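Q:
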Amino acid sequence: MKEAPVFTIVAAMDEKRAIGFCGRLPWNVPEELAHFRKLTTPGALVMGRRTFEAIGNPLPDRDNFVVSRNMTETAGAVVCRTLSDALSRAAETGKPVYVIGGGEIFRQAFPLASSLEISVIKGVFAGDRFFPAISEAVWNLADETDFGSFVFRRYSRKPDAARVLSGTLRANLHPGMRVSIILKKDQKTGKRTEGMVQRLLTSKPEHTRGIKVMLADGSVGRVQEILES
Ligand SMILES: NC(=O)c1ccc[n+]([C@@H]2O[C@H](COP(=O)([O-])OP(=O)(O)OC[C@H]3O[C@@H](n4cnc5c(N)ncnc54)[C@H](OP(=O)(O)O)[C@@H]3O)[C@@H](O)[C@H]2O)c1
8 MKEAPVFTIV
18 AAMDEKRAIG
28 FCGRLPWNVP
38 EELAHFRKLT
48 TPGALVMGRR
58 TFEAIGNPLP
68 DRDNFVVSRN
78 MTETAGAVVC
88 RTLSDALSRA
98 AETGKPVYVI
108 GGGEIFRQAF
118 PLASSLEISV
128 IKGVFAGDRF
138 FPAISEAVWN
148 LADETDFGSF
158 VFRRYSRKPD
168 AARVLSGTLR
178 ANLHPGMRVS
188 IILKKDQKTG
198 KRTEGMVQRL
208 LTSKPEHTRG
218 IKVMLADGSV
228 GRVQEILES
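The following block contains the structure:
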């Protein structure tokens, strides 16, 4: 069976989970847009047709995949008829895959995502599109940084019970899990890099400690230590 593509949802919401109003963002926070650009470049972006039209152009330095039942071809973006086709085609680029909205697409992608990168804009704004509730039972808060006008939170999906109960360390390795790795280039110095497991490149259970992982930035290393299980 074909494995489901691994992807991250990137969203900005207010304190009541509003993400949009009248086809636009409810706020004007340029530093959060700069943060979004940094986070998703380079990457393969999956978005709904309304979000693509609201942005007004393909996002530069990233691959753009637009989900639409009706839209015809458009310059600078690949149009896909289903979300799952968009996710597969985005994954084929070999770049980290980010689902970037809007409301309809978040709702469908949320149950399938491995990780969430959420900016919570401080305050409450008028909204007509909302992000789903993030349950502590399902999501593990891995990181939190206060940027002044917004708080950035990174979540990884908790490994599901069935996988943990299977007993092997390999089974505990979840694609959205944070790991500490020593990249090949840093093996002499022992410098550690933290990140999400994006894609397991080899997966023999007896070699778990040597499993190669690809981080969000595309760099490849081997798992040295599982930080969370
Ligand atoms: N705060 C944030 O992080 C954030 C991020 C992005 C967007 N937004 C906001 O969210 C709002 C837009 O969200 P939205 O919910 O209105 O629209 P959307 O999710 O961006 O796009 C909806 C469109 O996607 C297509 N679509 C959805 N599911 C599909 C499926 N399963 N198969 C094929 N096509 C599918 C349909 O396009 P067709 O009608 O062409 O078939 C549908 O009309 C705006 O206000 C925007 O500013 C906020």
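By the working numbering, the letter at position 5 of the sequence shown is numbered 12, and the numbering carries on one by one without gaps.
Using N, Cα and C, we set each Cβ at its ideal position, and we do this for glycine too.
Note that the structure is predicted; figures quoted are calculated from it, not measured.
1) Only counting the same chain, and skipping five residues up and downstream in sequence, which positions put a Cβ closer than 7 Å to that of Met78?
2) Start and end of the alpha helix (DSSP H) containing Leu94?
3) So, using beta-carbon positions, are Lys23 and Val145 closer together than 8 Å?
4) Tell me the DSSP bridge mates of Thr81?
5) Taking one C-beta from the stretch 120-135 and one from the stretch 89-103 each time, how about it: are there three or more such pairs within less than 8 Å?
6) If you run the structure through DSSP and keep just helix, strand and coil, what is Leu148?
7) Measure from the alpha carbon of Leu52 to the alpha carbon of each residue in His42, Glu39 and Ala84, then state which is nearest.
8) How would you label Asp150, buried or exposed, when you count the other beta carbons within 10 angstroms and need 16 or more for buried?
9) For Met54 versus Gly108, is the C-beta distance shorter than 8 Å?
10) Could you give the distance in angstroms between the alpha-carbon of Phe14 and the alpha-carbon of Val106?
11) Would you call Pro37 buried or exposed, if buried means 16 or more other Cβ atoms sit within 10 Å of its Cβ?
12) For Ala25, count neighbouring Cβ atoms within 10 angstroms of its own Cβ and tell me buried if that reaches 16, exposed if not.
13) Measure the C-alpha to C-alpha separation of Ile141 and Leu148 and round it to an integer number of angstroms.
14) Between Arg31 and ligand 3, is there a pair consisting of the residue's CB and a ligand heavy atom that are separated by less than 7 Å?
15) In terms of DSSP beta bridges, what is Thr15 paired with?
16) If we ignore side chains and look at the alpha-carbon of each, how far apart do Leu222 and Arg161 end up?
17) For Val157, tell me which candidate among Pro118, Lys45 and Glu39 has the shortest Cα-Cα distance.
A: To lay it out plainly:
1) Position 71 of the sequence shown, counted from the start, is the residue given in the question as residue 78. Excluding its 5 nearest sequence neighbours in each direction, Met78 has C-beta neighbours in its own chain below 7 Å: Arg56 and Val86, listed in chain order.
2) Counting from 1 along the sequence shown, the entry for residue 94 is found at position 87. Segment Leu90 to Ala98, the alpha helix (DSSP H) holding Leu94.
3) Taking the first residue of the sequence shown as 1, we reach residue 23 at position 16. Taking the first residue of the sequence shown as 1, we reach residue 145 at position 138. Val145 sits away from Lys23, with the two beta carbons spaced by 8 Å or more.
4) Here residue 81 refers to the residue found at position 74 of the sequence shown. Note: Thr81 sits in a beta bridge opposite Ala84.
5) Too few Cβ pairs lie closer than 8 Å, so no.
6) Locating residue 148 in the sequence shown gives position 141, where the first residue counts as 1. Strand, per DSSP.
7) Sequence index remark: in the sequence shown, residue 52 carries index 45 (1-based). Cα-wise, what sits closest to Leu52 is Ala84.
8) Indexing the sequence shown from 1 puts residue 150 at position 143. Under a 10 Å Cβ-count criterion, Asp150 is classified as exposed, with fewer than 16 other Cβ atoms of the shown protein chains found around its own Cβ.
9) Within the sequence shown, the letter at position 47 stands for residue 54. Within the sequence shown, the letter at position 101 stands for residue 108. Yes.
10) Start at 1 with the first residue of the sequence shown, and residue 14 comes out as number 7. Start at 1 with the first residue of the sequence shown, and residue 106 comes out as number 99. The straight-line gap from Cα to Cα measures roughly 7 Å.
11) Translated into positions along the sequence shown, residue 37 becomes position 30. It counts as exposed.
12) Here residue 25 corresponds to residue number 18 of the sequence shown, with the count starting at 1. Answer is buried; the Cβ neighbour count reaches 16.
13) Counted from its first residue, the sequence shown places residue 141 at position 134. Counted from its first residue, the sequence shown places residue 148 at position 141. About 10 Å.
14) In the structure shown, ligand 3 is absent; the only ligands present are ligand 1.
15) Here the question's residue 15 lines up with position 8 in the sequence shown. The secondary-structure analysis by DSSP pairs Thr15 across a beta bridge with Tyr105 and Ser122.
16) Taking the sequence shown and counting its residues from 1, one reaches residue 222 at position 215. Taking the sequence shown and counting its residues from 1, one reaches residue 161 at position 154. Only weak support exists for where Leu222 lies, its pLDDT of 49 falling under 50; the value from the coordinates is given anyway. Each residue's Cα considered, the two are about 14 Å apart.
17) For the purposes of this step, residue 157 is taken as residue 150 along the sequence shown, with counting starting at 1. Note that residue 157 corresponds to Phe in the displayed sequence, not to Val. Taking only the C-alpha atoms, the option nearest Phe157 is Glu39.
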